[in-house]
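Residue numbers (the working numbering): 92 to 318. Backbone N, C-alpha and C define an ideal beta-carbon position, used for all residues, glycine too. Quick caveat: nothing in here was measured; it's all calculated off a predicted structure. A quick write-up on the structure given underneath.
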Amino acid sequence: MRLPRREEGKKREMFDNDADRKLREAMVADQLAGRGISDPRVLAAMREVSRAEFVPEEIRARAYDDGALPIECDQTISQPLIVAMMTAALALRGTERVLEVGTGSGYQAAVLSRLAGEVVTIERHEPLHRTAAARLRSLGCDNVLALLGDGTRGCPERAPYDGILVTAATAAVPPALLEQLADGGRLVIPLGDADSQELTLFERHGDRCRRRMLTRCRFVPLIAEAR
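See the structure below:
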């Protein structure tokens, strides 16, 4: 069973004012397009979603900084360039089912909601899950299903996924995620330890996965619940 498609008329942005729109435009032009992000759909989604909505109030003035920012539960909201790069690597066309591991603030899921048919996002920290789910609902992201749980297990009930995006670093891809990746699907994940990480793209072709390094990166660690 697929989630209902979002209705365009339901979208809203709490910070959709002239000042915020100008900051978004500058972010897209300088930080994204100016650094090689060329997918027009990704640029449009990043231009549409207000990043200020997803950062803590006390640092909202820094929402469009060219870097990661701290959020609750000792987690981070990724640098805009990394969000755009990971999103572009999925090569979405609008009908795909996407799994996100690590909801965090909900910003990445909101961007994905503009580009995919259905988004399933999983967060292990209950306060982050609760806040992000409320934000996504308020923005009319009706094609996003926000779940609380261990993202390393994926969500087999809705598998397979045309795209999987992991927003925390690990030494190896969790087997469950590879099992839930559709043939022809793409998985983007930061691989490595605290000192050295590579944002990596896997493309599945039958029983094989082609691997390609995208860029160096630094993410918080991916933590699995005890089995």
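Given a threshold of 16 other Cβ atoms within 10 Å of its Cβ, counted over all protein chains shown, does residue i qualify as buried or as exposed?
i: Ala207; result: buried
i: Met137; result: buried
i: Pro171; result: buried
i: Arg221; result: exposed
i: Gly321; result: Because the chain is modelled from 92 through 318, residue 321 falls outside the range shown and cannot be assessed.
Going by the beta-carbon positions, is the gap between residue i and residue j smaller than 9 Å?
i: Leu313; j: Val257; result: yes
i: Leu203; j: Ile255; result: no
i: Ile128; j: Ala175; result: yes
i: Ala135; j: Val146; result: no
i: Arg115; j: Glu144; result: no
i: Ala259; j: Phe310; result: yes
For residue i, does the three-state DSSP call read helix, strand or coil?
i: Val146; result: coil
i: Glu104; result: Only weak support exists for where Glu104 lies, its pLDDT of 48 falling under 50; the coordinates are left without a value.
i: Gln199; result: helix
i: Leu313; result: coil
i: Leu71; result: One cannot answer for residue 71 here, as it falls past the ends of the chain, which runs 92 to 318.
i: Pro247; result: helix
i: Glu139; result: helix
i: Gly240; result: coil
If contacts are defined as beta-carbon pairs under 8 Å, then residue i and residue j qualify, I think. What distance do you get, rounded to the angstrom?
i: Ala267; j: Gly245; result: 5 Å
i: Arg249; j: Arg303; result: About 26 Å separates the two Cβ atoms, so there is no contact after all.
Flag this pair as touching only if the stretch 214-229 and the stretch 279-287 have three or more C-beta atom pairs under 8 Å; answer yes or no. no
I'd like to know if the stretch 157-164 and the stretch 225-232 are in contact, where contact means that at least 3 CB-CB pairs between them fall below 8 Å. No, they do not touch.
Inter-stretch contact (C-beta, 8 Å, three-pair minimum) for the stretch 230-250 and the stretch 192-203: Yes, they touch.
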